[in-house]
Amino acid sequence: MRKLPLNTTRKKESKRQPSSITRLCLPYSNSTENLETDSFFVAGLRIRYTECMKKTVYAGTYTGNGSEGIYRFDFEDGILSDPQLFCRIKNPKYICLQNDVLTAVCDNEKRSGAALVNMEGEITDTISYEGGTSCYVCRDENRIYTANYHEGCFTALREEDGRLVMDGIVQIREKAGTHQVIPFKDQLLVPCLLLDRVMIYDRDLNRTGSIRFNNGTGPRHGVITKDGQYLYLVSELSNELFVITTADWQIQESISILPNGEKYKRDSAAIRLSEDEKHVYISTRTMDIISVVRMEDHHPQLIQTVSCGGRHPRDFILLDGYLLSANRFSNTVVSFKINEDGTIGEEVSRISVPEAVSLAVR
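Per my numbering, the very first residue in the sequence shown carries number 227; after that it's consecutive.
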């Protein structure tokens, strides 16, 4: 049985229903129809539970210059707590979280590779397989994929009984600028920034095709819509958002994500899709901005560009109606309110995290 937070008070029943429930424990409905598991009742009123809970955020970093590894801080209603060192590990430049296990790319004793970290901050296993640290890691159930920008390759691992096992390394081309691996059905999409292509592989790591872009585009990161019909992809070099159909891997539309339609300012980085899929958010490090793109029937329209609240926003996440930006060169993580229309509102909180470049939430 879930318990109420101690500071929660019972409110008088009102016929007026709130238009939306965000981060506060407010009366939601006195109906018992269509109940969700993340809710409970007080005096006949349904209370949304998950919106009241603290979240824990983990920050991967470049070590050196004050950083010692992965940091942890709490998030509640936009407020960020003081960060604490969670795991002492070298160059955890990208992290992901699944089933209470953090997976990080990192530098090990002699070579680089990946590590598993439990929720006590203990490294439970490592594997070494490359000369320099990868720039990306993701999980697809027990499968783990990393991408190495400098070595032009991606790696397939799996977790078996808490141990990391190598499945294979695909060498695309030296200096291919391999930047991400996107698992999609029975395929793997691999953006190669310096080849101006997204390579497509099957799960046996055989290449089956590619998506081509104009010279100097630099495809970096992408997200796939929930229905699996579209890939939204950001280019690092040309600063564009591409809308691509997954049925035929054809580019349907593209727009600049910079003010006044500018392009080729370089260094666009992270891309996130809102839960309702009505907005895409993209960071650009050279200009220290976050761009907001409205998606209407998969047609993109740039509606806002705002400061990231620091310098060099390499990564950010969307969390409970807020945007958290990891700003590497200013050593900060900054939270912003997201307005009802999807635009980014006022700054709410900021903390100092040295060299933060990747965020994951629990």
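All C-beta atoms in this analysis are idealised placements derived from N, C-alpha and C, irrespective of residue type, glycine included.
Nothing here was measured: the structure is a model prediction, and the numbers come from that model.
{"Check": "For Thr359, which residues of its own chain have a beta-carbon under 6 Å away from its beta-carbon, when the five flanking residues on both sides are left out?", "Outcome": "Asn317, Lys319, Val331, Asp333, Ser338"}
{"Check": "Under a three-way DSSP split, which group does Leu528 fall into?", "Outcome": "strand"}
{"Check": "Could you have a look at Asn553 and say whether DSSP puts it in helix, strand or coil?", "Outcome": "strand"}
{"Check": "With Ser338 as the anchor, note down where its beta strand (DSSP E) starts and where it stops.", "Outcome": "338–343"}
{"Check": "Cα separation between Asn486 and Thr512?", "Outcome": "16 Å"}
{"Check": "How big is the Cα-Cα spacing for Phe562 and Leu383?", "Outcome": "35 Å"}
{"Check": "Just confirm the distance between the C-beta atoms of Ile370 and Ala341, as a whole number of angstroms; I'd bet it's less than 8 Å.", "Outcome": "The pair is not a contact, with the Cβ atoms about 11 Å apart (cut-off 8 Å)."}
{"Check": "In or out: Thr372 buried (at least 16 other Cβ within 10 Å) or exposed?", "Outcome": "buried"}
{"Check": "Mind checking who Cys379 pairs with in its DSSP beta bridge?", "Outcome": "Asn374, Gln397"}
{"Check": "Just how far apart, CA to CA, sit Ile353 and Asn565?", "Outcome": "43 Å"}
{"Check": "Between Ser509, Leu457, Ile570, which lies nearest to Ala552 when the distance is taken from Cα to Cα?", "Outcome": "Ser509"}
{"Check": "Note down, in chain order, each residue of its chain lying with its Cβ closer than 6 Å to the Cβ of His447, except the 5 sequence neighbours on either side.", "Outcome": "Gln406, Val460, Ile497"}
{"Check": "Using the Cα positions of Ser578 and Thr558, report the straight-line distance between them to the nearest angstrom.", "Outcome": "4 Å"}
{"Check": "With 16 as the cutoff for other CB atoms within 10 Å, does Gly295 come out buried or exposed?", "Outcome": "buried"}
{"Check": "Pair every Cβ in the segment 394–402 with every Cβ in the segment 420–431, then say whether three or more of these pairs are closer than 8 Å.", "Outcome": "yes"}
{"Check": "If you follow the beta strand (DSSP E) that Arg537 is in, where does it begin and where does it stop?", "Outcome": "Where Arg537 is concerned, there is no enclosing beta strand (DSSP E), given that its DSSP letter is neither H nor E."}
{"Check": "Decide if Gly286 is buried, meaning its Cβ has at least 16 other Cβ atoms within 10 Å, or exposed.", "Outcome": "buried"}
{"Check": "Taking all protein chains shown into account, decide if Ala586 is buried (16 or more other Cβ within 10 angstroms of its Cβ) or exposed.", "Outcome": "buried"}
{"Check": "If we call anything under 9 Å between Cβ atoms a contact, is Gly444 one with Leu457?", "Outcome": "no"}
{"Check": "Using the three-state DSSP reduction, which class does Glu259 fall into: helix, strand or coil?", "Outcome": "Note that Glu259 has pLDDT 38, beneath the 50 cutoff, so the model's placement of it is unreliable and the number below is only indicative. In the structure shown, Glu259 sits in coil (DSSP, three-state: anything other than H, G, I, E or B)."}
{"Check": "Counting only the same chain and skipping the five closest in sequence on each side, list residues whose C-beta sits under 8 Å from that of Tyr306.", "Outcome": "Looking at the sequence provided, one finds Leu at residue 306 rather than Tyr. Cβ neighbours of Leu306 beyond the five flanking positions: Val283, Phe299, Asp300, Leu550, Val559, Ser561, Ser575, Arg576, Ile577."}
{"Check": "Rounded to a whole number of angstroms, what is the C-alpha to C-alpha distance between Asp493 and Glu356?", "Outcome": "25 Å"}
{"Check": "With a Cβ-Cβ cutoff of 9 Å, do Ser480 and Leu528 count as a contact?", "Outcome": "no"}
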